[in-house]
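Following: one structure in structure tokens, then a few remarks.
Protein chains: 2
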Amino acid sequence: MKSEIDALMGAKNLDAIIVFGNAEHNPPMTYLTGGGHVSHATLIKKRGEEAVLFFGDMERDEAAKSGLKLIPYSKYDYEALIKKTNRDGLLAGAMRCELMLKDASVASGRVGVYGTYDLSAIIGLLSNLQKLMPDIEFVGEAREDSIFMRAMETKDETEVARIREMGKITTGVVGKVADFLTSCNVREDEVLLNENGSPLTVGDVHSKIHLWVAEQGAELPSGFIFAIGRDAGVPHSAGNPADLMMLGKTIVFDIYPAEAGGGYYYDFTRTWSLGYATPEAQELFNQVKEIYDKLNDNFDLNAPFRNYQQMTCEYYESKGHQTPLHTKFPIEGYVHGLGHGVGLNIHERPFSSLLNGDEHRLAPGVVITSEPGLYYPEKGMGFRIEDTLWVRPDGRMEILAEYPYDFVLPMKKWKTDN
Amino acid sequence: MKSEIDALMGAKNLDAIIVFGNAEHNPPMTYLTGGGHVSHATLIKKRGEEAVLFFGDMERDEAAKSGLKLIPYSKYDYEALIKKTNRDGLLAGAMRCELMLKDASVASGRVGVYGTYDLSAIIGLLSNLQKLMPDIEFVGEAREDSIFMRAMETKDETEVARIREMGKITTGVVGKVADFLTSCNVREDEVLLNENGSPLTVGDVHSKIHLWVAEQGAELPSGFIFAIGRDAGVPHSAGNPADLMMLGKTIVFDIYPAEAGGGYYYDFTRTWSLGYATPEAQELFNQVKEIYDKLNDNFDLNAPFRNYQQMTCEYYESKGHQTPLHTKFPIEGYVHGLGHGVGLNIHERPFSSLLNGDEHRLAPGVVITSEPGLYYPEKGMGFRIEDTLWVRPDGRMEILAEYPYDFVLPMKKWKTDN
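In the order they appear, the protein sequences are chains A and B.
The numbering used here numbers the first residue of the first sequence as 1 and each following residue consecutively.
The numbering used here numbers the first residue of the second sequence as 1001 and each following residue consecutively.
The structure is reproduced here in structure tokens:
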């Protein structure tokens, strides 16, 4: 949680942190500012002291929403620095950054650098700044292990409420998609039809998903998945817009909307087969649902997350599928990890990899996905069930947005005996 | 243009470039890959040679859309590296990156680092990689001056067509907003009403804008501006959602949609006053329109962009306003620059700053905004007119999406003599 930042800085021997960049799609900045839309900001925090937010003057109203100590960039005469450095933007920027660091009482020690921003500009800035401030050591951290990823790993109730709200929006949209699809007319060759009689494509459905998420004021990363047939069997294929929507083929629908501007996410997947399912597909779906349920029955407070990846692999291997347990990079069978934390990042701690240590565990306050799947692209089918779960402080696992698991969705205007 | 990358690398003495990060909201990666949704990719290009895209195996279909030379991360045994380094993620990542660089025939020389990505992770990676590959110098560049910003500065016709299409979407949405607002009922105190009789708020209008942009399949950065009264007088205030929509107050509507996932932008602003305008507001609007038109009459092929910032400041100062020409950081009057390039970045070269040299000019192929404004927050009013213009190869300036400039929008159900 945010309150742990100072302790985490201490554990990593960081005397200060500096966060660069925008407030949008920049989790460390959003985490510390609360998400005001300051288009180009810098945040400096000395360990044990209040953070200082530096901002462009035109954005003073947005900056004020952060509640942080504020200093406008205009305090520093960048124009004079540009002239003094003979128009060397990197050096002038470094000289300004030196003044900012000093205003935040940071003149030496280990300074962690964070933010999602232009790598080239910051690497150039830091190489100049290092010469100006030789007593500072600027340091990076492995992504999964950074103080931000560690602080973000456990959520407070406000954060959980925001994720839960995204879950409500997510399942609302999924319900609309199911209702829309099952209401379509169906051609003799089992192709679904638009209202105007043209064949319904995956691209048509993508457009509706975009629209219905936007109606809720949320944001949908464009890599979301609504894929049918072979594409459903390739875990991260977004779906081919030209594919026709048909009965009896597996559809993987993996959707992860976020608060607008890059806030909290929800992550969710269902697998459907419209009208009917082939016996082979039904059998594979049943296996996915069986292990999904078994996992829910076995999640234990503080257990290592990898134990459940192990359980999932063992289950699938007992059914004859390839898994990462005994196959390197399988492309058929169970080909990915069981889940990951969800928050301001769609993928964050804890992770379920078999390689991970005990610290990736179901600690109170973590929010994770559970998403076992099976993939057979050559057979033209894929399956995944995914919910986002909160490990409550009382030790109970709670699915943050309930939604039915039905595989075969009956078509309202089509009968199996057609 | 993209074809200039090798020459620009030569001019900056770069032997290779490495681009980190996602394909979304990552202009250098989008520029070189064309925008397939590979959620975690690395691109390495040696000067004069084809770029190599490294990608996660699950995203092979998306990676293939780039048309680049492809190598899956699975070629490198990360699991073994993690074990070998005793679970040091930064070192293991650096060791994998060393193998990737060697596969792209890069073992020494100056390597430019690019991409919008996690600063901490890459700074940590590079500090390890530097020790493994001491013959490489990793370098950053000033943002405005980087090889990407320079290549992107001039657009080819395909890029212009994409910006033009975003302009069509933008002006379509703006027209819908104008039509919606002017169709509203108006209460006796000149507050606009929703269909259900409740007062119409700025937040209600924000929601509609989001929805109408999403309907077009585009993306709207959440810092877009629809602000009324005092907030219209603060250039980057997004607008207070609780503000009531009223007649006779200035509305600044600055909207910059992009292709979904962070593609090409369009940038556009109009200022409106519903029903009627106060004489003072009308006079100030007329000045903004007068200089806007004068600029259009005077844009010359290859002229320095700053000349037009100078012209705008001189015009406004002749009318008694403060401007950056003789006031440092004015907060009233004309308080910003005239414009900027638009492309995969909402702000890119050329820029209109008075400090800039002749190389920021209206060269054939650049796409710029022209956006003179006036701001008087204490008077509760602000004004800006903005279009996106293409400097055509034939030297003509073309507004990429035409839209009327009317300031007072007559209300359909309200008469001035009410």
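Even for Gly, the Cβ is constructed at its ideal location relative to N, Cα and C.
Values in this document were obtained by computation on a predicted structure and should not be read as measured data.
Mapping the DSSP letters down to three states, classify residue 1418 (chain B) as helix, strand or coil. Residue placement at residue 1418 (chain B) is poorly supported in this model, since its pLDDT is 48, which falls under 50; the coordinates still yield a value, given next. Looking at residue 1418 (chain B) - three-state DSSP - the assignment turns out to be coil, as it is neither helix nor strand.
Do the CB positions of residue 1021 (chain B) and residue 222 (chain A) come within less than 9 Å of each other? Taking C-beta atoms as the reference points, residue 1021 (chain B) and residue 222 (chain A) fail to come closer than 9 Å.
Rounded to a whole number of angstroms, what is the C-alpha to C-alpha distance between residue 1045 (chain B) and residue 1052 (chain B)? Rounded to whole angstroms, residue 1045 (chain B) to residue 1052 (chain B) spans 6 Å at the Cα level.
Return no unless some Cβ of chain A is closer than 9 Å to the Cβ of residue 1351 (chain B). At least 9 Å separates the CB of residue 1351 (chain B) from every CB of chain A.
For the candidate residues A:13, A:80, A:100 and A:17, whose alpha-carbon lies nearest to that of residue 55 (chain A)? Of the candidates A:13, A:80, A:100 and A:17, the one whose C-alpha sits nearest the C-alpha of residue 55 (chain A) is A:100.
Which residues, in order along the stretch 1251-1282 of chain B, keep a beta-carbon less than 8 Å from a beta-carbon of chain A? Within the stretch 1251-1282 of chain B, the residues whose Cβ lies closer than 8 Å to some Cβ of chain A are 1260 and 1261, listed in chain order.
Compile a chain-ordered list of the residues in the stretch 12-36 of chain A whose CB is closer than 7 Å to at least one CB of chain B. Along the stretch 12-36 of chain A, going in chain order, the ones with a CB nearer than 7 Å to a CB of chain B are 20, 24 and 25.
Work out the CA separation of residue 253 (chain A) and residue 409 (chain A) for me, nearest whole Å. Answer to the nearest angstrom: the Cα atoms are 13 Å apart.
With distances taken from CA atoms, which of A:57, A:295, A:131 and A:168 is nearest residue 401 (chain A)? Nearest neighbour of residue 401 (chain A) by Cα position, chosen from A:57, A:295, A:131 and A:168, turns out to be A:168.
Tell me, which residues are paired with residue 1270 (chain B) by DSSP? According to DSSP, residue pairing for residue 1270 (chain B) in a beta bridge involves B:1253.
Counting Cβ pairs, one atom from each stretch, are 3 or more of them under 8 Å apart for the stretch 1288-1297 of chain B and the stretch 1191-1198 of chain B? With fewer than three CB-CB distances shorter than 8 Å, the stretch 1288-1297 of chain B does not count as touching the stretch 1191-1198 of chain B.
Put residue 398 (chain A) into one of helix, strand or coil per three-state DSSP. In this structure, residue 398 (chain A) counts as strand in the three-state DSSP scheme.
When you compare the stretch 108-116 of chain A with the stretch 1116-1127 of chain B, are there three or more beta-carbon pairs, one atom per stretch, that lie closer than 8 Å? Flag = yes, the stretch 108-116 of chain A and the stretch 1116-1127 of chain B touch.
With a cut-off of 8 Å on the beta carbons, I'd call residue 364 (chain A) and residue 393 (chain A) a contact; round off their distance for me. About 5 Å; that satisfies the 8 Å criterion.
Where in the stretch 196-235 of chain A do unbroken runs of the beta strand (DSSP E), each at least 3 residues long, occur, reported from the N-terminal end onward? If we require 3 residues or more, the beta strand (DSSP E) runs fully inside the stretch 196-235 of chain A come out as 225-228.
For the stretch 1158-1182 of chain B, enumerate the residues whose C-beta is nearer than 8 Å to any C-beta of chain A, in chain order. If the cut-off is 8 Å between Cβ atoms, the stretch 1158-1182 of chain B has nothing near chain A.
Quick one: does residue 1238 (chain B) have its CB under 9 Å from some CB of chain A? Yes - at least one Cβ of chain A is within 9 Å of the one on residue 1238 (chain B).
Taking all protein chains shown into account, do 16 or more other C-beta atoms lie within 10 angstroms of the C-beta of residue 1405 (chain B), making it buried, or fewer, making it exposed? Its Cβ having fewer than 16 others within 10 Å, residue 1405 (chain B) is exposed.
Strictly under 9 Å for the Cβ-Cβ distance: is residue 1210 (chain B) near chain A by that measure? At a cut-off of 9 Å between C-beta atoms, residue 1210 (chain B) counts as an interface residue with respect to chain A.
Cβ contact (3+ pairs, closer than 8 Å) linking the stretch 1258-1276 of chain B and the stretch 1302-1314 of chain B: At 8 Å Cβ cutoff, the stretches do not touch.
Beta-carbon proximity of residue 1258 (chain B) to residue 214 (chain A), cut-off 9 Å: No, the pair does not count as a contact, with Cβ atoms beyond the cut-off.
So residue 1224 (chain B) and residue 1255 (chain B) are supposed to be a Cβ contact under 8 Å. How far apart are they, rounded? In this structure, residue 1224 (chain B) and residue 1255 (chain B) form a Cβ contact; the two beta carbons are roughly 5 Å apart against a cut-off of 8 Å.
Can you give the Cα-Cα distance for residue 1102 (chain B) and residue 219 (chain A), rounded to whole angstroms? Answer to the nearest angstrom: the Cα atoms are 39 Å apart.
Use the C-beta contact count for residue 1343 (chain B): other C-beta atoms within 10 angstroms, 16 or more gives buried, fewer gives exposed. Residue environment for residue 1343 (chain B): buried (at least 16 other C-beta atoms within 10 angstroms of its C-beta).
Indicate whether the contact test is met: 3 or more Cβ pairs, each with one atom in the stretch 150-160 of chain A and one in the stretch 1-13 of chain A, closer than 8 Å. Three or more beta-carbon pairs separated by less than 8 Å link the stretch 150-160 of chain A to the stretch 1-13 of chain A, which places the two stretches in contact.
Residues in the stretch 1125-1142 of chain B having any Cβ partner in chain A nearer than 8 Å: Listed in sequence order: 1125, 1126, 1127, 1138, 1139, 1140, 1141 and 1142.
With 16 as the cutoff for other CB atoms within 10 Å, does residue 1326 (chain B) come out buried or exposed? Around the beta carbon of residue 1326 (chain B), fewer than 16 other beta carbons sit within 10 angstroms, so the residue counts as exposed.
Within 10 Å of its beta-carbon, does residue 1158 (chain B) have 16 or more other beta-carbons around it, so buried, or fewer, so exposed? So residue 1158 (chain B) counts as exposed.
Put residue 1413 (chain B) into one of helix, strand or coil per three-state DSSP. DSSP places residue 1413 (chain B) in coil when its eight states are reduced to three.
Leaving out five residues on either side along the sequence, give the residues of the same chain with a beta carbon under 8 Å from the beta carbon of residue 1236 (chain B). Within the same chain, residue 1236 (chain B) has close Cβ partners 1223 and 1225.
Chain-order list of residues whose beta-carbon lies under 8 Å from that of residue 1155 (chain B) (same chain, five-residue window excluded): Closer than 8 Å at the Cβ level, and outside the excluded window around residue 1155 (chain B), lie 1001, 1163, 1343, 1365, 1366, 1367 and 1390.
Output, in chain order, the set of chain A residues within a Cβ distance shorter than 8 Å of residue 1090 (chain B). Per Cβ cutoff of 8 Å: 140, 141 and 142.
Proximity winner among A:130, A:298 and A:264, relative to residue 161 (chain A) (alpha-carbon distances): If you compare the alpha carbons of A:130, A:298 and A:264 with that of residue 161 (chain A), the shortest gap goes to A:264.
Taking C-beta pairs closer than 8 Å, name the residues in chain D that residue 1058 (chain B) reaches, listed in chain order. Looking at the structure shown, chain D is missing, and the protein chains on hand are A and B.
Can you give, in chain order, each stretch of the alpha helix (DSSP H) that sits fully within the stretch 19-89 of chain A and has at least 4 residues? Taking only runs of at least 4 residues, the alpha helix (DSSP H) segments lying wholly in the stretch 19-89 of chain A are 27-33, 60-64 and 78-84.
List the residues of chain B that residue 113 (chain A) touches, going by C-beta distances under 8 Å, in chain order. Neighbours of residue 113 (chain A) on chain B, chain order: 1119, 1120 and 1123.
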